[in-house]
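Engineer:
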Amino acid sequence: MFRRILQTFKYSIFPSKCLACGLFFHPNQDRPAGKTPFDRIVHDPIETIFYRVMTPFLCPSCAQEFSPVHSPFCTTCGRMFKSKSGADHQCGSCIQNKTLCHRIRAAGIYCGPLKSNIHALKYKNKVHLARPLGRLLFSSFMKYYDISTIDYILPVPLHISRLKKRGFNQAVMLINEWPVLINLSNVNRKINTDRFMHIDCKNLVRKRKTLSQTGLGKEKRKENVKGAFAVTDKSKISGKQVLLIDDVHTTGSTCDECADTLIASGAKTVSVLTLARAD
Ligand SMILES: [Zn+2]
Ligand SMILES: [Zn+2]
Numbered sequence: 387m388f389r390r391i392l393q394t395f396k397y398s399i400f401p402s403k404c405l406a407c408g409l410f411f412h413p414n415q416d417r418p419a420g421k422t423p424f425d426r427i428v429h430d431p432i433e434t435i436f437y438r439v440m441t442p443f444l445c446p447s448c449a450q451e452f453s454p455v456h457s458p459f460c461t462t463c464g465r466m467f468k469s470k471s472g473a474d475h476q477c478g479s480c481i482q483n484k485t486l487c488h489r490i491r492a493a494g495i496y497c498g499p500l501k502s503n504i505h506a507l508k509y510k511n512k513v514h515l516a517r518p519l520g521r522l523l524f525s526s527f528m529k530y531y532d533i534s535t536i537d538y539i540l541p542v543p544l545h546i547s548r549l550k551k552r553g554f555n556q557a558v559m560l561i562n563e564w565p566v567l568i569n570l571s572n573v574n575r576k577i578n579t580d581r582f583m584h585i586d587c588k589n590l591v592r593k594r595k596t597l598s599q600t601g602l603g604k605e606k607r608k609e610n611v612k613g614a615f616a617v618t619d620k621s622k623i624s625g626k627q628v629l630l631i632d633d634v635h636t637t638g639s640t641c642d643e644c645a646d647t648l649i650a651s652g653a654k655t656v657s658v659l660t661l662a663r664a665d
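So the sequence shown is residues 387 to 665, counted in our numbering.
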């Protein structure tokens, strides 16, 4: 209670700067915490979580630009269909081509405030955003995955040189709080076996330095990451249903290459969860 009063006092004197448009706003005055902007009716639980966790960082007008991934989408690659109605189903491309990643999901589309926040985290060192964005990602995990089908969680690794330059791996930061969230949500207890979801940030490594994928076409992206990953302890991967975590899914080249390495190391299945997807 006292903390909330202090926060209200702080916000009334020191406005926040919106991470998307740069304008100053008063989070508590412009929008009570947890409320959606302009009292919009929100049907998607991910949209509700987005407003709840991003309230301190976005003005109401930018917050409402968030685009969650919505049905109908492909049950394999997760790409949304143009039609706004109908059930989720496999797209033509996934039916024709055998895919390495069997379930790709994302919280939202890589645009607007989600894109601004991911950029701020990765390139402007706004590491405090990892916690709310990690919670958004966890909500997507709970929404899209049957918890009994995942038993090993791995972030997409950075090469040591990039890790040193940036100082952190955003994919690792996003799941830092997950062990606590998993405990709070009793996820492991719901699994009726002795299997536990294991988070491992070290077993998958990027052994070769690669160029940034930004600006590269699909084929160049594939070439760029070919043979770039390795598993250090295959015994931990063998027979596991793996979930790969990353911030953005663009063409899927990085995740496909990771999946290729993981399956060659004995993984049973590889799924992918990202904060955002390009389409
Ligand atoms: Zn704004
Ligand atoms: Zn598909």
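Don't be surprised by glycine CBs; every beta carbon is placed ideally from N, CA and C.
Could you name the residues of the same chain whose beta carbon sits closer than 6 Å to that of arginine 491, not counting the 5 residues immediately before and after it, in chain order?
Structural biologist: Counting from 1 along the sequence shown, the entry for residue 491 is found at position 105. Once the five neighbours on either side are set aside, the close Cβ partners of arginine 491 are Gly464, Tyr530 and Leu659.
Engineer: Considering only heavy atoms of ligand 2 and the C-beta of each residue, which residues fall inside 5 Å, strictly closer?
Structural biologist: Checking every Cβ against the heavy atoms of ligand 2 under 5 Å gives Cys460, Thr462, Cys463, Cys477 and Cys480.
Engineer: Short of 7 Å in beta carbon distance, which residues of its chain neighbour aspartate 665, apart from the five on each side in sequence? Order them along the chain.
Structural biologist: On the sequence shown, position 279 is the one that residue 665 refers to. The residues are Arg465.
Engineer: Under 8 Å Cβ to Cβ from glycine 553, same chain only, skipping five residues before and after it: list those, please.
Structural biologist: For the purposes of this step, residue 553 is taken as the residue at position 167 of the sequence shown. Hits under 8 Å: Asn511.
Engineer: Kindly confirm or deny that the stretch 497-514 and the stretch 595-607 touch, where touching means at least three C-beta pairs closer than 8 Å.
Structural biologist: As far as the Cβ criterion goes, the stretch 497-514 does not touch the stretch 595-607, which means the pair count is below three.
Engineer: Below 7 Å CB to CB, which residues in the same chain sit around cysteine 497 once its five sequence neighbours on both sides are set aside?
Structural biologist: Here residue 497 is taken as the residue at index 111 of the sequence shown, counted from 1. The residues are Ser453.
Engineer: If distances are taken between C-alpha atoms only, which option among Gln627, Ser639 and Ser571 comes closest to threonine 600?
Structural biologist: Against the sequence shown, residue 600 aligns to sequence position 214. Of the listed residues, the one whose Cα sits closest to threonine 600 is Ser639.
Engineer: In angstroms with no decimal places, state the Cα-to-Cα distance between leucine 630 and valine 656.
Structural biologist: Counted from its first residue, the sequence shown places residue 630 at position 244. Counted from its first residue, the sequence shown places residue 656 at position 270. The straight-line gap from Cα to Cα measures roughly 7 Å.
Engineer: Let's test the definition: count the other Cβ atoms within 10 Å of the Cβ of threonine 636 and tell me whether it reaches 16, buried, or not, exposed.
Structural biologist: As a first step, residue 636 must be located in the sequence shown, where it is residue number 250. Buried: at least 16 other Cβ atoms inside 10 Å.
Engineer: Using a 10 Å radius around the Cβ and a threshold of 16 neighbouring Cβ atoms, would you call isoleucine 481 buried or exposed?
Structural biologist: Position 95 of the sequence shown, counted from the first residue, corresponds to residue 481. Per the 10 Å Cβ criterion, exposed.
Engineer: In three-state DSSP terms, what is cysteine 404?
Structural biologist: In the sequence shown, residue 404 corresponds to position 18, counting from 1. In this structure, cysteine 404 counts as coil in the three-state DSSP scheme.
Engineer: Around ligand 1, what residues have a beta-carbon under 5 Å from a heavy atom of it, in chain order?
Structural biologist: With the cut-off at 5 Å, the residues found are Cys404, Ala406, Cys407, Cys445 and Cys448.
Engineer: Please identify the residue among Ser598, Leu602 and Cys587 whose C-alpha is closest to the C-alpha of alanine 616.
Structural biologist: Residue mapping note: residue 616 aligns to position 230 of the sequence shown, counting from 1. Closest by alpha carbon: Cys587.
Engineer: Once you ignore the five residues that flank phenylalanine 410 on each side, which residues in its own chain have a CB closer than 6 Å to its CB?
Structural biologist: Stepping through the sequence shown from its first residue, residue 410 is reached at position 24. Counting only Cβ-Cβ distances below 6 Å, and skipping sequence neighbours, we find Pro401 and Lys403.
Engineer: Any chance you could list the beta strand (DSSP E) runs of at least 3 consecutive residues sitting entirely within the stretch 435-495, in chain order?
Structural biologist: DSSP runs (the beta strand (DSSP E)) wholly in the stretch 435-495: 489-495.
Engineer: Based on the DSSP output, what are the partners of alanine 616 in its beta bridges?
Structural biologist: If you number the sequence shown from 1, residue 616 lands on position 230. Its beta-bridge partners are Val591.
Engineer: By the 10 Å Cβ neighbour count, where 16 or more other Cβ atoms means buried, how is threonine 618 classified, buried or exposed?
Structural biologist: Counting from one through the sequence shown, the residue named residue 618 turns up at place 232. With fewer than 16 other Cβ atoms within 10 Å, it is exposed.
Engineer: Since serine 457 contacts aspartate 474 with CB under 8 Å, what's their CB separation in whole angstroms?
Structural biologist: Reading the sequence shown from its first residue, position 71 is the one you call residue 457. Reading the sequence shown from its first residue, position 88 is the one you call residue 474. The pair is a contact, with the Cβ atoms about 5 Å apart (cut-off 8 Å).
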